[in-house]
Amino acid sequence: MNIALILSGGTGSRLGANIPKQYVEVDKRPILSYSLECLSCHKDIDVIWIVAEPDWQERILGWLPRYDSGRKFRGFSLPGTNRQLSIYHGLEDMKEFAGTQDSVLIHDAARPLLSARLITDCLGAIQGHDGVLPVLPMKDTVYESEDGKSITSLLDRKRIFAGQAPEVFRFGKYFDANKRLMPEAILHINGSTEPAVMAGMDMVMIPGEECNYKITTWTDLERFREEMEKEIVRERQFGGV
594 MNIALILSGG TGSRLGANIP KQYVEVDKRP ILSYSLECLS CHKDIDVIWI VAEPDWQERI
654 LGWLPRYDSG RKFRGFSLPG TNRQLSIYHG LEDMKEFAGT QDSVLIHDAA RPLLSARLIT
714 DCLGAIQGHD GVLPVLPMKD TVYESEDGKS ITSLLDRKRI FAGQAPEVFR FGKYFDANKR
774 LMPEAILHIN GSTEPAVMAG MDMVMIPGEE CNYKITTWTD LERFREEMEK EIVRERQFGG
834 V
């Protein structure tokens, strides 16, 4: 079974909007709905689980008839104090039905340009591994600085990659990797793959997609609005199912 865990519990403080960014409307629909619809329509996704604040859960339920045409939504989890604790809450709740060898695909609600092709690639690449991370190569020269003011060293950009979502993991091993970090260490985790690497899980990297960016700033939001106006989103999301 392939389970999609959508993280929709963030506050979106860096965007500066009066509501969390994943609920801002673009083309008369919430940003969350784009990845939700893409996952629901994908033939290899069996279950969708969403991390969201209680105040938004009722509204999400109202959106499901339109954006969850596959009727794959099964339940909610409450957000944690950071992203990784939110993931752990989701994993804890999904233990009720998830098997150890099932795959859990973790995606950010604020990444609306998730494509069917990337979902397919991630689920295909996990065969024979414990997890999959889509990445992008670094285009710019990368420097290290200890104080944020002066350059400490120059890093080899050919060996540096930027991680994306969705990340996919074998449920049992990934749950155990996160449980070992409770209750304090998990609060210092920045990326979903960190617990897997720390636990020695066999992770494989695959090419990510430039269009699969996370909406964090107003510039990101305007970029997405412009792309919606060009009517290219549906082709990206549903062309590879």
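Note that the numbering used here numbers the sequence shown so that position 108 is 701, with each residue one more than the last.
Backbone N, C-alpha and C define an ideal beta-carbon position, used for all residues, glycine too.
Item: Just the C-alpha distance for R667 and A703, rounded to the nearest angstrom, thanks.; Value: 20 Å
Item: For the region 720-735 against the region 752-760, do three or more pairs of beta-carbon atoms, one drawn from each stretch, fall closer than 8 Å, so that the two count as touching?; Value: yes
Item: Quick check: the region 615-624 against the region 773-792, are at least 3 beta-carbon pairs closer than 8 Å?; Value: no
Item: Going along the chain, which residues of its own chain have a beta-carbon closer than 8 Å to the beta-carbon of C795, five neighbours each way excluded?; Value: Before going further, note that residue 795 is Asp rather than Cys in the sequence given. Once the five neighbours on either side are set aside, the close Cβ partners of D795 are H722, D723, G724.
Item: Pick helix, strand or coil for R667, following the three-state DSSP scheme.; Value: strand
Item: Can you give me the Cβ contacts of K766 inside the same chain, cut-off strictly under 6 Å, excluding the 5 residues immediately before and after it?; Value: D723, M794
Item: Just curious, the beta strand (DSSP E) that S746 is in, first and last residue?; Value: 746-748
Item: Are the CB atoms of N805 and L684 nearer to each other than 8 Å?; Value: no
Item: Mind checking Q615: buried by the 16 CB within 10 Å criterion, or exposed?; Value: buried
Item: Please confirm if the region 732-752 is in contact with the region 657-676, defined as three or more CB-CB distances below 8 Å between the two stretches.; Value: no
Item: What are the uninterrupted segments assigned as alpha helix (DSSP H) that are 4 or more residues long and contained completely in the region 745-825, given in chain order?; Value: 764-772, 787-791, 811-822
Item: Could you tell me the distance, in whole angstroms, from the CA atom of R763 to the CA atom of E820?; Value: 34 Å
Item: Consult DSSP for E685 and reduce its assignment to one of helix, strand or coil.; Value: helix
Item: Return the first residue and the last residue of the beta strand (DSSP E) that A597 is part of.; Value: 595-600
Item: Could you tell me which uninterrupted alpha helix (DSSP H) segments, each at least 4 residues in length, are contained entirely in the region 606-670, listed from first to last along the chain?; Value: 625-634, 647-660
Item: With DSSP as the reference, please indicate the residues paired to I699 in a beta bridge.; Value: L598, E760
Item: Flag this pair as touching only if the region 624-637 and the region 691-710 have three or more C-beta atom pairs under 8 Å; answer yes or no.; Value: yes
Item: Give me whichever residues DSSP pairs with P730 in a beta bridge.; Value: F754
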